[in-house]
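Heads up: the protein sequence lines correspond to chains A and B, in order.
Counting from 1, one number per residue, gives the positions in the first sequence under our numbering.
Counting from 1001, one number per residue, gives the positions in the second sequence under our numbering.
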Amino acid sequence: MSDITAPAYRVIPIIPALKPGAMEGKGPFVASDKINEAIGFPGQLVEDWHDRAIARMGELLSKYRSLRVFMDACVHCGACSDKCHYFIGTQDPKNMPVARQDLMRSVYRRYFTLPGKFFPKLVGARDLTREVLDEWYNYFHQCSECRRCSVFCPYGIDTAEVTMAAREILDSVGYGQKYSNEIIGKVHKIGNNLGLPAPALIDTLEGLEEDVKEATGIDVRFPIDVKGAEVLLITPSADFFAEPHIDSLIGYAKVFHATGTSWTLSSMASEAGNFGMFIGNYEQLRKIALRIREVALELGVKRIVVGECGHAWRVAYSFWNTLSGVGEGADPNDKFAQMLQKQLDHRYKQPMHICEFTWDMIELNALSFDKEANDKHIITFHDSCNVARGSRMGDFAGGQFDIPRNIIKAVANNFVEMSPETTRERTFCCGGGGGLLTDDLLELRVKGALPRMEVLRQVADEHGVNFMATICAICKAQFTKIMPIYGFDRRMVGGVHQLVSNAIKLGDK
Amino acid sequence: MASVIFASLFYFATLALVVGLLYRINVYARTPSPLKIPTTPAPTTKGGVVLRMAREVVLFESLFKASLWIWGLGWLFHASLLLVILRHLRYFTEPVWGWVALLQPFGLYAGFTMLLGLCGLWMRRLFVERIRYISTPSDHLMLALLIAIAVSGLLMQFAVHTDVIAVKGFFLGLMSFDIRMLPADFILYLHLLMVAALMLIFPISKLLHAPGIFFSPTRCQTDNPREKRHLAAWAKQLESESIK
């Protein structure tokens, strides 16, 4: 891996020339029999993969309006063609969103449309051959499902939906990805993506209590599996041990402490992440989400709050209510959804993002800060794709942009925005989202980070920015790994609640 | 003879267009959206969604954000096409509606701006490497067809005139199932043939982007998943099947 170097910065805004085949055969490791079978997929590529893949595609077309409309509506206008960070970084034309969709659209046209059946060449229709299937595996694992292309498409075509469908088809014929499927197995078996068993978790939390006591002299608790707590915090498991994630976990704990909120973590649902979304599998998405309902019922909590994790927040905000009835309108025949509805306190948003929680408390004047504690930082904010384009915070459209920034400005003095072409809904993915945060894709990850690194370099040079805050576990892990390759200090990246943690005054109110 | 052939062709093309589109729209409408996937920030109310859709359909808002060139050429073509089509209403109404009469001079210029937009779009497709890469033969043919329709129409207006009174008679006749004489002009035949071809292609091609946008979940969903539960029928089925 040492031979991977950062691509050169572009003279902004030049669109790269095409390098066909640049990323061919650079997909991730394929899942083993054991990994696939553990989550109910065929162990390896099945004999009749062709027929099963086409049948599965037909099924998905009838279950998902998004896929059905997106397959038909594209006019090849090219609006999306220069919008993907992986295309910008790799120059491989198949990483243009439209070309990525066309890998599937060509097959759709061949098997599901009249012109494709009779005049395949004319409309760019192709048989689903083994080569095409391999191409799917390769390029649908070079999409981080970040939805940036969907912002610019005149019909709102979202490549993420196509990628999810492709991965679902691949899984259904036994051609799954090792990284994502292994992680889903761990969630079911152990409770979190990293495979941290409960005793290790409890041990870590005790250590954290000691660390915080040492640093502040105050007994900040990190409770776990506490029945009757007010708040259940569901956070990405990286928060328990990875740097810089853990500093944000300390931040959440301090906010709960300072506001006198009783809270708890859960050992069984010690993971906010939901890789079921990445592989486009509704059943897995649902099953992973239902763990949280189960734990919430078991612990009798009144509120569910989600920690700093991008795709987890998309799943929690946009999908949890659908999947588990956490917010409103539980099915009258669904006993557990009914129980959850009665138990939760609906004066609050369910679920709530930790940034919404903290910002509410700041607005209520329940927290006070020593902003000078963050004076060593000149801070910028990287919008995480799933939060920016797949969710919301607060009561108005765009709250997901303003609330984290408001918190930063409340706890620190120096804040600088990056280029508006790369923030808010136009933000670039970190390069590691969507189930691609694995070392077998390191080259892709480094190249995909290019557009973000370009503008970070700009604000670092012009304004001396030395801290990039973000609210996603994947962003944090990806940036700490690839930023040194671009010549940045890995400690430049951190969470919003890390800044909160630095500045918060404990035992003040 | 030609009149009978063209009459049957237009009856068939109209039927195919209407039935084909209704079938497609029905498929889109019946296919459920199991999850809330609006591209955010998205409107939080139904009224907001109506406004968002109106901006998309009338102004091509997202395309505007993406690329001024494609937006400019695309919008010019579509707006011109709309004017041209409205102008053609005069061939189907007797007496001609007042506002259609008012539109006539604008519709005339729109023929040229439509051609301009189409040529610009084709230039992009031919000379921008990325767009050339993603273009299929049908993408080029579609532009060629539209350009040929525009050119033949303009030719009849400005160079080789045809008997428009008779053309109008033919179409008014069609509407009351009375086949009347169509002027025997080559360019007119060509123009009508290509328009019929466009109508036939519409429901089985990328022209489905027109009805498609109204069913695009990333644009037409309301951003209110926490406030209101969204559940597809097949997903609800899973619910009653599971214990927890």
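Glycine is no exception: its CB is placed at the ideal position from the N, C-alpha and C atoms.
Counted within 10 angstroms of its Cβ, other Cβ atoms place residue i as buried (16 or more) or exposed
i, result
"residue 273(A)", "buried"
"residue 156(A)", "buried"
"residue 180(A)", "buried"
"residue 154(A)", "buried"
"residue 501(A)", "buried"
"residue 49(A)", "buried"
"residue 1217(B)", "buried"
"residue 93(A)", "buried"
"residue 326(A)", "buried"
Proximity test, Cβ basis, 9 Å: residue i and chain B
i, result
"residue 327(A)", "yes"
"residue 10(A)", "no"
"residue 334(A)", "yes"
"residue 438(A)", "no"
"residue 76(A)", "yes"
"residue 22(A)", "no"
"residue 180(A)", "no"
"residue 513(A)", "Only positions 1 to 509 of chain A appear in the structure, and residue 513(A) is not among them; the question remains open."
"residue 96(A)", "yes"
"residue 342(A)", "no"
"residue 143(A)", "no"
"residue 232(A)", "no"
"residue 406(A)", "no"
"residue 331(A)", "yes"
Minimum Cβ-Cβ distance from residue i to chain A less than 9 Å
i, result
"residue 1080(B)", "no"
"residue 1077(B)", "no"
"residue 1060(B)", "yes"
"residue 1101(B)", "no"
"residue 1139(B)", "yes"
"residue 1046(B)", "no"
"residue 1129(B)", "yes"
"residue 1120(B)", "no"
"residue 1117(B)", "no"
"residue 1204(B)", "yes"
Same chain, Cβ closer than 7 Å to residue i, neighbours up to 5 away in sequence not counted
i, result
"residue 132(A)", "107 and 126"
"residue 348(A)", "303"
"residue 1061(B)", "1055"
"residue 1006(B)", "1182 and 1192"
"residue 516(A)", "In the structure as shown, chain A begins at 1 and stops at 509. Residue 516(A) is therefore absent and cannot be evaluated."
"residue 411(A)", "369, 371, 374, 499, 500 and 503"
"residue 363(A)", "none"
"residue 269(A)", "191, 234, 291, 292 and 295"
Same chain, Cβ closer than 6 Å to residue i, neighbours up to 5 away in sequence not counted
i, result
"residue 454(A)", "9"
"residue 432(A)", "445, 474 and 478"
"residue 259(A)", "361 and 366"
"residue 440(A)", "28 and 29"
"residue 301(A)", "229 and 232"
"residue 1160(B)", "1187"
C-beta contact flag for residue i and residue j at 9 Å
i, j, result
"residue 1028(B)", "residue 1215(B)", "yes"
"residue 445(A)", "residue 481(A)", "yes"
"residue 250(A)", "residue 219(A)", "no"
"residue 503(A)", "residue 365(A)", "no"
"residue 147(A)", "residue 424(A)", "no"
"residue 514(A)", "residue 337(A)", "Outside the modelled stretch of chain A, which goes from 1 to 509, sits residue 514(A), for which no answer is possible."
"residue 202(A)", "residue 224(A)", "yes"
"residue 263(A)", "residue 315(A)", "no"
"residue 1114(B)", "residue 1206(B)", "no"
Whole-number beta carbon distance between residue j and residue i, since they are thought to touch under 8 Å
i, j, result
"residue 81(A)", "residue 1134(B)", "7 Å"
"residue 164(A)", "residue 95(A)", "At roughly 17 Å, the Cβ-Cβ gap does not stay under 8 Å, so residue 164(A) and residue 95(A) are not in contact."
"residue 11(A)", "residue 101(A)", "Not confirmed; about 29 Å, so no contact."
"residue 79(A)", "residue 1066(B)", "4 Å"
"residue 1017(B)", "residue 1199(B)", "4 Å"
"residue 173(A)", "residue 53(A)", "5 Å"
"residue 222(A)", "residue 196(A)", "That belief does not hold up - the Cβ atoms of residue 222(A) and residue 196(A) are roughly 14 Å apart, past 8 Å."
"residue 257(A)", "residue 506(A)", "6 Å"
Contacting residues, own chain, Cβ-Cβ under 8 Å from residue i (five flanking each side not counted)
i, result
"residue 166(A)", "103, 104, 136, 140 and 280"
"residue 1074(B)", "1060, 1063, 1117 and 1121"
"residue 1100(B)", "1086, 1087, 1089, 1090 and 1093"
"residue 35(A)", "176, 178, 181, 182 and 185"
"residue 1233(B)", "1032"
"residue 413(A)", "371, 372, 374 and 375"
8 Å Cβ cut-off: residues of chain C touching residue i
i, result
"residue 1219(B)", "No chain C appears in the structure shown, which is made up of the protein chains A and B."
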